[in-house]
């Protein structure tokens, strides 16, 4: 199997993810990756990365993710934000016309019709570490 090119989409995905996790740690964002963490921090391994984020840290997490666009010369192709989650889609057309996309979803908890299904603070206490990433 060939290693990813230094300037290809796979290499950019790894750089973006490592910067994302470093930024979240630097800003002391309380979060956990919810699923598909096995390939992190090198690649997402699915169509997006879903993270549980403490509601008080959600704005900071969004700023960190949006900072990736500035730092890595990416475009924000979609941005959605409501009381249930924030979704940020980053994009870049690569030199060989390949497309790089990274979708990041931040969930501040889960409510249905105003009823909290689980306590976020409690969910963020008992975490496992996967290569320095809380899951």
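In our numbering, the protein residues as written are 81 to 215.
Ideal Cβ placement from N, Cα and C applies to all residues, glycine included.
Just so it is clear, the structure is predicted and the values come from calculations on it, not from any experiment.
Q.
Tell me the rounded alpha-carbon separation between residue 215 and residue 111.
A. Taking the straight line joining both Cα atoms gives about 8 Å.
Q. What span of residues does the alpha helix (DSSP H) with residue 148 cover, start to end?
A. Element bounds for residue 148: 138 to 152.
Q. DSSP on residue 170, reduced to helix/strand/coil?
A. Residue state for residue 170 is assigned as strand, using DSSP reduced to three classes.
Q) DSSP on residue 135, reduced to helix/strand/coil? A) Reduced to three states, the DSSP call for residue 135 is helix.
(Q) Do residue 187 and residue 132 have their beta-carbon atoms positioned less than 7 Å apart in this structure? (A) The criterion of a C-beta distance shorter than 7 Å is satisfied by residue 132 and residue 187.
Q) Residues in its own chain within less than 6 Å of residue 184 by CB, not counting five upstream and five downstream? A) Hits under 6 Å: 129, 145, 168.
Q) With DSSP run on the structure shown, which of helix, strand or coil describes residue 91? A) Helix.
**Q.** residue 179: first and last residue of the uninterrupted beta strand (DSSP E) it sits in
**A.** Its beta strand (DSSP E) spans residues 179 to 187.
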